[in-house]
Structure formats: C-alpha cells, structure tokens
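These protein sequence lines map, in sequence, to chains A and B. Following the numbering used here, the numbering of the first sequence begins with 33 at its first residue and continues without gaps. Following the numbering used here, the numbering of the second sequence begins with 9 at its first residue and continues without gaps. Heads up: the structure comes next, in structure tokens.
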Amino acid sequence: MTTQGAAQQPDARPPAFLEPEHFDDVIQILRRRGYRTIGPTRRDGAIVYDEIESAQDLPVGWTDEQSPGRYRVRPRGDHALFAYASAAHAWKRFLHPPNLQLWRAQRTNGHVELVADSAPPPRYAFVGVRACDLEAIRRLDQVMMDGPYVDHVYRALRRDAFLVAVNCCDPSGTCFCVSMGTGPRVTGLADLVLTEMVGAGRHFLTLAAGTASGQEVLDELGRRAATDEECRLADASVEAAAQNMGRSLAVDGLREALANSPEHPRWEHVSKRCLTCGSCTLSCPTCFCSTVEDVTALRGDATERRRLWDTCFSVEFSYLHGGSVRLSPRSRYRQWLTHKFSTWHDQFGVGGCVGCGRCITWCPVGIDVTEEASVIRQAVPLPGSTGPMTE
Amino acid sequence: MAKTRKPTLAVWKFASCDGCQLSLLDCEDELLEVAAAVDIVNFVEASRAVAKGPYDISLVEGSITTPHDAERIHRVRRSSKLLVTIGACATAGGIQALRNFGNVKEYTSIVYASPQYIETLSKSTPISDHVFVDFELRGCPINKYQLLEVLGALVHGRRPVTPSYGVCVECKRRGHVCVAVAGGTPCLGPVTNAGCGALCPGFTRGCYGCFGPKPMPNTSALANYWSAGGMKRLDVVRAFRGFNASAEAFRRESELHDT
Ligand code: SF4
Ligand code: SF4
Ligand code: SF4
Ligand code: SF4
C-alpha cells in the first residue's frame with residue numbers, strides 16, 4: 033500500500049473472526065506472499081520489533097509496565113497476543129534504517145567508479161502496528177516522501193510494506209495518544225486492522241481489511257464474519273483503553289507557547305536533569321534526523337558513504353562553520369521539545385508527536401515531555417520574546 | 009596519494025597492559041593493508057628490528073607513572089612528526105590513576121617486599137599532561153576499526169572520523185534494549201563517548217565508561233538520579249572510578265560523592 037487514502041477498501045465488509053491460536057495463519061499467508069514479517073517479540077527484558085517467523089515468536093501472554101525511565105515485562109497469566117503498549121523499537125528502524133550504506137566508490141588506475149547497492153529492498157509486513165505508530169508512519173511519510181524532497185530508500189521500503197494495525201487495548205503508564213488524537217483506535221489506513229478481545233472468559237480476534245491487498249489476505253484466510261456481538265465486545269475493549277491513558281497533555285496553545293518562550297526558566301531547569309543522551313529522539317517513532325559518514329579504506333582506493341541516525345542532542349548536530357550553534361544543553365533540549373510540539377507544525381502542517389510515550393519511558397532519567405511541555409504552556413507568553421532564539 | 013615514500017610508524021609503550029598495541033596486531037585481515045600503507049619501523053611487540061627515528065607517526069600507549077617515563081616521553085615527542093595517544097591509559101591515566109585518589113607510598117609498602125627500590129610518581133597522568141598530542145584515540149582497549157580509521161586519515165592527510173556523541177546513540181542505532189530502563193542497571197552510556205559500538209549494553213551490561221567522558225557530559229544528573237534511586241555513595245564513586253577515573257569530568261563527579 034502507499035500513502036493515506038491511496039488504495040481504498042472496495043466495500044465495507046464485516047470483520048472476520050479469528051481464534052487467537054490460528055493467528056499464525058495470517059503470518060504464514062504473508063510469508064508465502066513474500067513478505068518479511070516483522071512484529072513484536074520479547075528480548076532482553078523488553079518487547080521489541082524484529083523478524084517473526086511464526087505466532088510463537090510473539091510475546092504470548094506477556095505485557096509491559098511503563099513509567100518515566102522504567103520499563104518491565106511481566107506475564108499476564110493468559111495467552112493474549114497484543115496486550116501491551118508501544119515497544120522499545122519504533123517501526124522507523126525498518127523504514128529509515130539506523131545505519132545504511134548509501135553508495136561506495138572504487139578507484140582503479142586513477143579512475144573513480146561509483147557503485148550503488150543494487151539489491152532490491154526487502155518487502156516488509158509489519159504485524160501489530162498500534163494506532164499511535166500507524167500515525168507515526170504517516171507523519172514520517174510526510175517528511176520522507178510526500179514532500180518535495182523524496183528519500184528514495186524510505187519510499188522503496190514504504191511502498192511495498194504491508195501493515196497489520198492493532199486497535200490498542202492496553203495502554204501503558206506513559207501513553208497519551210488520546211491527547212494527541214492518534215489513538216487508541218486505528219483511524220489511519222492499514223491493510224488489515226486487528227482487534228484483540230481478551231477477558232471475561234473470552235479471547236478472540238477480529239480482522240478488518242482496509243485495502244484490496246488486505247482483503248485478499250482475508251479471503252485466503254477464509255474465516256467467518258464476526259457477529260455483531262463479537263464486534264461490540266471488541267469495540268468495548270478499545271473504548272475502555274481510551275479511558276485508561278497513563279498521561280495526558282493539553283495541546284491547545286502549546287505550539288504558540290513554545291514558539292514564544294525561548295527564554296523560559298524551565299529550559300534551564302530541565303537542562304540540569306537532562307543527560308543530552310538523545311535516547312528520546314532515537315526512540316521517537318517520528319524523529320528522522322540522520323548524518324553521513326565516510327568510511328575510507330587504508331589504501332585510499334575505496335570508500336563508502338553511510339547514513340546513520342543522528343540526534344539534535346549531540347553537539348556536532350548543529351555544527352556549522354566555526355562551531356556548534358546549539359552548544360548549551362538547554363538549547364538542545366529546547367530544540368527537541370519545540371520541534372516536536374511547535375515547529376513541526378510550521379514545517380509539515382501537523383505536530384511531530386503521536387503520544388506513544390517512548391521518549392518518557394526510555395529516558396534514562398525519566399524526563400517527561402508532557403510535564404515539561406505543560407509547564408511551558410502554562411506560562412504567560414512574555415511580550416517581545418518572539419525574537420530569534422539565543423544561547 | 010602522490011607520496012613516494014611510505015610514512016614510518018613507531019609504537020611506544022608507557023605504563024599500560026599492552027592491550028591497545030595488541031589491537032594493532034589484532035587487525036589480522038587488515039594487517040597487510042596497514043603494512044602496505046605505513047612502514048612499521050619500531051614495534052617491539054611485533055618485531056625486534058628497531059629503526060632509528062625520526063618517525064612520521066608515533067602511537068603512544070600507556071600513562072606516565074615514573075620519573076624516567078616523564079623524561080622518555082619528551083624524547084618520543086622530539087622524534088615524532090605526529091604523536092597519537094591510544095587508549096585510556098595514554099589519554100586519561102588509565103586504571104592505574106586510581107592511585108591519584110590514594111597514597112602511593114602506602115600502596116608500594118603493601119605490594120612490594122622491598123619498596124625502597126620502587127621509584128614512582130604519586131600520580132598516573134595522561135601523555136597530554138607532558139607533551140603536545142596531535143590526536144587522542146580513546147577506549148580501554150581502543151577499537152581496532154577506529155585505529156585503522158585514524159591511521160588511514162593520517163596517511164591520507166584528512167581528519168579522522170570518530171564520534172563526538174555518547175554511547176546511547178550507538179546503543180539505539182544497534183537496537184539494543186536499554187539496560188538502565190529495562191533492567192535498572194546503572195549505565196555510564198549517557199555520559200561516555202561512543203566508539204565501542206555499545207558493546208556492553210549489547211550483552212545486557214551497563215556501560216563501564218571505557219571511552220571516557222563525552223563532550224559536556226552531565227555526570228551530576230546521572231549520579232543524582234542514581235542516588236535518588238537508592239544507589240549508595242560508594243557505588244556512585246566506584247562507577248566513575250574505572251578505566252577513566254582521572255578523566256576530568258569523571259574525576260570531579262566521583263570526588264563530589266567521595267565524602
Ligand atoms: S515525542 Fe515522545 S511521545 Fe511523542 S511520538 Fe515521540 S517518542 Fe512518542
Ligand atoms: S526533535 Fe531533533 S532529532 Fe527529532 S526530528 Fe527534530 S531535530 Fe531531528
Ligand atoms: S530528555 Fe532524557 S532521553 Fe532525552 S536527551 Fe535528555 S536524558 Fe536523554
Ligand atoms: S543501555 Fe546505556 S548506553 Fe544504551 S541507551 Fe541505555 S543508558 Fe544509553
């Protein structure tokens with residue numbers, strides 16, 4: 033599938049009913065169709081996204097506990113497949129690889145030849161894309177391929193990706209998708225949309241097609257339609273999740289407040305706590321920044337250019353002629369928060385945060401964007417503070 | 009590349025464990041390339057044949073711990089066009105800089121049968137405290153790919169590409185699960201310079217700070233967060249007193265908690 037609204041569902045058929053022990057059928061159909069299936073799996077005490085070969089690789093019966101600076105997995109005592117919130121990884125790891133060779137060059141007899149990687153990009157099927165993450169992919173689409181500057185690597189990977197989205201029923205302590213209007217119900221376009229109902233003695237999945245290719249998979253699966261009762265139960269689980277957000281953020285006026293508060297004392301306050309480690313931006317599903325590095329052979333006859341994830345928290349990130357523009361930790365934290373909740377709007381007509389909570393959970397010292405942003409928002413914008421940001 | 013003569017390379021050892029120079033031998037596959045790019049004329053770890061200086065490039069391993077070495081390093085400097093220090097010992101004083109926080113006389117009296125024969129300085133100091141250093145390559149031990157990168161850069165007259173950010177960046181690029189957040193393990197990654205490829209977090213261990221402080225590290229924020237979480241003062245001190253105990257930012261932080 034391509035971007036939002038490109039391929040539409042032919043007709044609104046009722047979702048299919050699927051017993052959880054048969055979810056593997058979906059994975060196998062996708063694999064037979066040549067997709068590399070990527071989904072949630074448990075590793076090193078967390079749920080991450082990695083290649084899954086069967087439903088057994090899913091974190092069956094596991095959930096997560098998330099709070100600022102803390103993540104733990106724990107068994108649920110049931111066989112739920114998708115009963116946890118956003119994983120340690122974001123899907124950008126696959127669509128916008130963290131370490132990628134762009135090209136290499138070879139010099140033979142004084143003649144330099146550029147060699148591009150000719151291997152076809154993998155066709156990914158992402159299984160278990162939560163509502164916030166589906167929206168994050170859409171926002172990345174805007175940055176990476178829908179605007180005037182197209183990232184060809186991203187587009188090639190994205191164009192062929194098959195998305196199995198999940199209506200989120202198990203938000204964590206750091207989620208605030210309701211505040212950001214991105215979840216817990218899937219509203220964006222996905223090939224398949226899955227809901228897992230678990231509890232009250234029942235455990236089943238419903239699967240709705242969002243695109244023609246999603247419908248093909250459903251047809252091959254050949255399951256009966258879910259009954260109205262089943263749809264209602266599944267729906268109620270998602271409804272309950274919306275009431276169960278770990279955090280909230282008032283966003284009205286936030287964009288302006290951030291733009292007007294470059295000298296707010298809170299920046300100094302947070303910079304005392306912030307490690308400028310960049311874990312927040314690197315965990316964030318929409319942060320897209322990268323840098324390039326050349327790796328040159330000792331002989332000097334071969335070189336390769338690699339693209340690596342970067343972060344606005346590093347000193348070098350803002351290095352221009354003569355030095356770094358954002359040297360103080362204060363200015364680096366301000367760049368991140370302001371970009372996510374304010375200047376992203378200026379650039380892309382929408383905010384850069386989908387409320388997944390990753391930056392809060394995976395901050396090694398538990399700094400919470402909802403708290404920092406709220407403090408700035410509550411401040412009365414100082415008149416005359418709209419000038420250029422200074423150190 | 010229009011050079012007619014290959015640059016000469018010398019390797020020097022001061023107070024150290026040899027691990028960093030071994031990284032050069034460890035290059036194995038790349039060793040032929042190294043030999044093709046430079047003339048290794050002085051490397052006692054590899055060959056007894058030692059040529060006289062001056063040398064184009066000197067790799068210096070180890071810290072200065074004796075009066076004799078404090079003089080010898082000046083001779084090395086005088087005979088080297090470019091002097092590159094390699095490893096935590098040469099760049100920060102190494103693990104032996106733990107003596108800087110104690111009393112060497114006491115140590116020698118405990119360790120040696122005849123301490124009167126031991127002639128040693130009260131502090132272990134990095135090479136840059138004694139002579140001008142052209143480039144510092146950090147790590148305990150150094151990363152062999154970084155060593156190759158630095159050699160390549162020097163041979164071809166360009167700036168070496170080495171990171172100036174923290175270990176967390178490499179850790180996240182590699183897709184490791186953060187041991188601090190998911191395991192409650194103290195990790196120095198947020199304040200330590202990258203270069204190892206986030207080796208320890210990849211094996212669910214916290215970072216030990218082998219590559220020393222990153223630029224402008226907020227060590228206090230990390231230490232205060234640990235303390236608030238119940239970490240004992242002595243453990244905070246010990247976390248910062250590893251292979252780079254005497255690196256300015258780590259030393260200062262450990263001293264704040266050593267009361
Ligand atoms: S800013 Fe934080 S909560 Fe928002 S999308 Fe990024 S990681 Fe998720
Ligand atoms: S917040 Fe920082 S890392 Fe993220 S997209 Fe903006 S500038 Fe890039
Ligand atoms: S806010 Fe947290 S995760 Fe982000 S740079 Fe600061 S310490 Fe690191
Ligand atoms: S494990 Fe250590 S290096 Fe890796 S992200 Fe966490 S704090 Fe940073």
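Glycine is no exception: its CB is placed at the ideal position from the N, C-alpha and C atoms.
Against chain B, the beta carbon of N131 (chain A) has neighbours under 7 Å at R181, listed in chain order. The contact set of E325 (chain A) on chain B, defined by CB atoms closer than 8 Å, consists of V169 in chain order. Close CB contacts of E404 (chain A) within its chain, under the 7 Å cut and outside five residues either way in sequence, are with R298, V302 and L369 (chain order). Rounded to the nearest angstrom, the Cβ distance from E69 (chain B) to I94 (chain B) is 5 Å, consistent with a contact under 8 Å. Around the beta carbon of E256 (chain B), fewer than 16 other beta carbons sit within 10 angstroms, so the residue counts as exposed. Setting aside the 5 residues that flank it on each side, Y365 (chain A) is surrounded in the same chain by W299, V302, S303 and C306, each with a C-beta closer than 7 Å to its C-beta; the list follows chain order. Put simply, the backbone Cα of D260 (chain A) is about 9 Å away from that of P46 (chain A).
At a beta-carbon threshold of 8 Å, the residues of chain A lying near L230 (chain B) are L307, P396 and V397, ordered along the chain. What P361 (chain A) touches in chain B, judged by beta-carbon distance under 8 Å, is M224 and N226, going in chain order.
The region 382-399 of chain A and the region 207-219 of chain A touch, with three or more beta-carbon pairs separated by less than 8 Å. Taking the CA atoms as reference points, T206 (chain A) sits about 50 Å from G165 (chain B). For R85 (chain B), the enclosing alpha helix (DSSP H) begins and ends at P75 to R86.
Annotation for F22 (chain B): V68, E69, G70, S71, I72, T73, D77, R80, I81, C97, A98 and I135 place their beta carbon closer than 8 Å to its own, counting only its chain and skipping 5 residues before and after. At least one CB of chain A lies nearer than 8 Å to the CB of A44 (chain B). Taking 4 residues as the minimum length, the alpha helix (DSSP H) runs contained wholly in the region 153-206 of chain A are 163-173 and 184-191, in order along the chain.
In chain order, P171, S172, Y173 and P223 make up the part of chain B whose C-beta sits under 9 Å from the C-beta of E348 (chain A).
Taking a contact to require three or more Cβ pairs closer than 8 Å, the region 65-73 of chain A and the region 273-290 of chain A do not qualify as touching. In this structure, the CA atom of V49 (chain B) is about 29 Å from the CA atom of T140 (chain A). Around the beta carbon of R390 (chain A), 16 or more other beta carbons lie within 10 angstroms, which makes this residue buried. The beta carbon of L90 (chain A) sits closer than 7 Å to those of G71, P72, T73, I84 and L113, all from its chain and outside the five residues before and after it, given in chain order.
Listed along the chain, the chain A residues whose CB falls inside 8 Å of the CB of H164 (chain B) are T328 and G332.
Residue ranges of uninterrupted beta strand (DSSP E) with 3 or more members, entirely inside the region 319-378 of chain A and ordered along the chain, are 322-328 and 334-341. The C-beta of V19 (chain B) comes no closer than 8 Å to any C-beta of chain A.
Inter-segment contact for the region 329-349 of chain A and the region 126-144 of chain A is present: three or more beta-carbon pairs are separated by less than 8 Å.
Interface residue (Cβ-Cβ distance to chain B less than 8 Å): A232 (chain A) is not classified as such. At a cut-off of 8 Å, the C-beta of W341 (chain A) has a neighbouring C-beta in chain B. In the same chain as D183 (chain A), and ignoring 5 residues on each side of it, the C-beta atoms closer than 7 Å to its own belong to M176 and M177, in chain order.
Against E38 (chain B), the close residues of chain A are L330, in the order they occur along the chain (beta-carbon pairs closer than 8 Å). Taking the Cβ atoms as the reference, H128 (chain A) lies roughly 6 Å from F320 (chain A), within the contact range of under 8 Å. Boundaries cannot be given for Q275 (chain A), as no beta strand (DSSP E) includes it and DSSP labels it neither H nor E. Checking the 7 Å criterion, the Cβ of C385 (chain A) is within range of a heavy atom belonging to ligand 1.
Chain order gives the chain A residues near Y233 (chain B) as V397, where near means a beta carbon separation below 7 Å.
Taking one beta carbon from each stretch, the region 20-39 of chain B and the region 311-318 of chain A have fewer than 3 pairs nearer than 8 Å; the two do not touch. In this chain, the beta strand (DSSP E) harbouring T16 (chain B) covers T16 to K21.
For T206 (chain A), no Cβ of chain B is located within less than 8 Å of the residue's own Cβ. CA-CA distance, A258 (chain A) to C200 (chain A), rounds to 19 Å.
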